[in-house]
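> Under my numbering, the first residue of the sequence shown is numbered -12, with each subsequent residue one higher.
No residue lacks a Cβ here, since even glycine has one placed at the ideal position from N, Cα and C.
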Amino acid sequence: MNLTEVFEFYRGRRILVTGHTGFKGSWLCRILVKAGAQVTGYSLEPPTDPSLFSLADLEGNMDSIIGDVRNLSCLKAAFEKAKPAFVFHLAAQPIVRDSYREPVMTYETNVMGTVNVLECARQSAAVRSVVNVTTDKVYENLERDYGYREGDRLDGFDPYSNSKSCSELVTHSYKRSFFTDGRCAVSTCRAGNVIGGGDFANDRIVPDCVRAAIKGMPIVVRNPNSIRPYQHVLEPLAVYLMVAKAQYEERSLADSYNVGPDDRDCVTTGTLADLFCEAWGSKAHWITKNDNGPHEANFLKLDCAKLKNAFGWQPLYDVKKAVRMSAEWYQSYAAGGDPTSVMDRQIAEMFGEESSHV
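1) Return yes when the Cβ of HIS272 is within less than 9 Å of the Cβ of PRO211, no when it is not.
2) Using the beta-carbon count (16 or more within 10 Å), is THR167 buried or exposed?
3) Between the alpha carbons of THR(-9) and MET229, how many angstroms are there, rounded?
4) The ligand SAH and LYS295: does the residue's C-beta get closer than 8 Å to at least one heavy atom of that ligand?
5) Quick check on the burial criterion: 16 or more other C-beta atoms within 10 angstroms. Buried or exposed for SER243?
6) Quick one: what's got a C-beta closer than 7 Å to THR101's C-beta in the same chain, skipping five residues either side?
7) Going residue by residue through the segment 169 to 236, where are the continuous beta strand (DSSP E) segments of at least 3 residues, counting only ones entirely within it?
8) For TYR135, which of helix, strand or coil comes out of DSSP?
9) On the DSSP bridge list, what partners appear for TRP273?
10) Excluding the 5 residues flanking LEU141 on each side, which residues of the same chain have their C-beta closer than 8 Å to its C-beta?
11) Out of curiosity, what's the CA-to-CA distance linking CYS61 and PRO248?
12) With 16 other CB atoms within 10 Å as the buried threshold, where does SER343 fall?
13) May I ask which residues mark the beginning and end of the beta strand (DSSP E) holding GLY28?
14) Quick check on DSSP: helix, strand or coil for ASN245?
15) Does DSSP put THR158 in a helix, a strand or coil?
16) Rounded to the nearest angstrom, how far is the Cβ of GLU32 from that of ILE53, given a contact under 8 Å?
17) Using only the alpha-carbon positions, how far apart do SER328 and VAL197 sit?
18) Rounding to the nearest angstrom, what Cα-Cα distance links THR5 and LEU224 in this structure?
19) What's the gap between the Cα of GLY203 and the Cα of ASN(-11)?
20) Extract the residue ranges of the alpha helix (DSSP H) inside the segment 41 to 115, only unbroken runs of 4 or more that lie entirely within it.
21) Put THR121 into one of helix, strand or coil per three-state DSSP.
22) Inspect the beta-carbon positions of LEU39 and GLY185 and report whether they are closer than 9 Å.
23) Would GLY143 and PHE10 be called neighbours here (beta carbons separated by less than 9 Å)?
24) Assuming PHE263 and VAL181 make a contact with CB atoms under 8 Å, what is their CB distance in whole Å?
25) Does the distance from the CB of SER116 to the CB of VAL74 come in under 9 Å?
26) Candidates TYR147, ALA260, THR175: which alpha carbon is nearest ASP85's?
27) Cβ atoms of VAL56 and MET99: under 9 Å apart, would you say?
28) Cα separation between LEU3 and VAL173?
29) So, is THR27 buried or exposed, given that buried needs 16 or more other C-beta atoms within 10 angstroms?
30) Measure how close the beta-carbons of LEU294 and VAL220 come, nearest whole angstrom, since I'm counting them as under 8 Å.
31) Can you tell which of THR96, ASN48, ASN97, VAL114 has its C-alpha closest to the C-alpha of PRO71?
32) Could you work out which residue in VAL207, TYR87, TRP14 is closest to ASN277 when comparing CA atoms only?
33) Does TYR126 come out as helix, strand or coil in the three-state DSSP assignment?
What follows is the structure, encoded as structure tokens:
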């Protein structure tokens, strides 16, 4: 896998990204804009204030359409305007705890949103490659001590995880029903827990750490012994770009792929908090406080052998490096610096690309 070639491939390509105002979507759009792609985003307004979308200087460098993936007619109009060859579907209700509070909205967004994106791709003469981004939580979690494989049973416990399992099944059905003529390749990517600069969401470990550290307060860790496949946000984004390129060139590579770190980087939340405190400095520390919240899995790992065998892919960063990169961004932001320059430097490091087309 040559990530510089992947980066250069997208120069001049027409791209549609759903969920472009979110954390991962903003990072993906920044990569594509730097690569010189013609990027259209379709999403709700940024989900947080502050938002990475605003901080990353994206609005003036891409076509940003504010809309809901649950609205098929508006989404279809966006497809007709953008005429994308490549579609990255990231729009979702992504928070487990929010899915307990708003299950109907979660299913409408994550299931029917996927139906609508695939229906628009089916009706578009331009689309040639689609990547639907789901989650590592799509599997029936038996709390076992080895990584889940792509052929394992899908059945998320909570509404978020289950709705993403349904999104996988919808994608599989659309592939078999409507995309067998070879015109358009469709894959799903099941990514592990991502961390990185610019995530301001509630109920996520790194943003919670940052908010507490900036205030000089102890970091509250709800489940310090829960094991998760943590990775820097650039790792799965590079894979999405790689898969979309590869299946465009060779349709047989369209499939479902796990995207996660190696086993040594599947660590407890407590260990991640330790690494954050080390990277942040300034006497940052954490405490345990269980708030008796709803069920979340205690143990979760992915087996990424399929992705590695198909593409020769290997994770670039270990979890300690991922945490340091995240802390670097947030400390620049907290100090009133230019976090976009940190993003661009980290993107250039990942893709081996120093030039910028912004």
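Short version:
1) For PRO211 and HIS272, no; Cβs fall outside 9 Å.
2) Result: exposed.
3) Roughly 10 Å between the two C-alpha positions.
4) Only the bare structure without any ligand can be found here, which leaves the ligand SAH out of the picture.
5) So SER243 counts as buried.
6) If the five residues before and after THR101 are omitted, its C-beta is found closer than 7 Å to the C-beta atoms of HIS76, ASN119, SER154, VAL157, THR158, all from its own chain and listed in chain order.
7) Every unbroken stretch of the beta strand (DSSP E) spanning 3 or more residues and falling wholly within the segment 169 to 236 is given here in chain order: 172 to 178, 206 to 208, 214 to 216.
8) In this structure, TYR135 counts as strand in the three-state DSSP scheme.
9) Answer is ILE206, bridged to TRP273.
10) Correct list, in chain order: VAL125, TYR126, GLU127, SER152, GLU155, LEU156.
11) If I take the Cα positions, the gap works out to 37 Å.
12) Any answer about SER343 is weak, because its pLDDT of 42 lies below 50 and its placement is not dependable; what the coordinates show is given next. So SER343 ends up on the exposed side.
13) 25 to 30 is the extent of the beta strand (DSSP E) around GLY28.
14) Of the three classes helix, strand and coil, the one that applies to ASN245 here is strand, per DSSP.
15) Here THR158 sits in helix by DSSP.
16) Here GLU32 really is in contact with ILE53; their C-beta atoms are around 6 Å apart, less than 8 Å.
17) Rounded to the nearest whole angstrom, the CA to CA distance from SER328 to VAL197 is 19 Å.
18) Cα to Cα, THR5 sits roughly 14 Å from LEU224.
19) One Cα belongs to GLY203, the other to ASN(-11), and the distance between them is close to 42 Å.
20) Counting only runs that start and end inside the segment 41 to 115, the alpha helix (DSSP H) elements of at least 4 residues fall at 59 to 69, 83 to 88, 90 to 94, 100 to 110.
21) In the displayed model, THR121 falls within coil according to three-state DSSP, outside both helix and strand.
22) The beta carbons of LEU39 and GLY185 sit closer together than 9 Å.
23) No, these two residues do not count as a Cβ contact at 9 Å.
24) About 15 Å; that fails the 8 Å criterion.
25) Taking 9 Å as the Cβ cut-off, SER116 and VAL74 qualify as a contacting pair.
26) In this structure, TYR147 is the residue among TYR147, ALA260, THR175 with its C-alpha nearest to the C-alpha of ASP85.
27) In this structure, MET99 places its C-beta atom within 9 Å of the C-beta atom of VAL56.
28) Straight-line spacing of the CA atoms in LEU3 and VAL173 works out to 14 Å.
29) Its Cβ being crowded by 16 or more others within 10 Å, THR27 is buried.
30) Contact doesn't hold; Cβ gap of about 17 Å is too wide.
31) Considering only alpha carbons, the answer is VAL114.
32) Selected option, being the one with the closest Cα: VAL207.
33) Note: TYR126 maps to strand in three-state DSSP.
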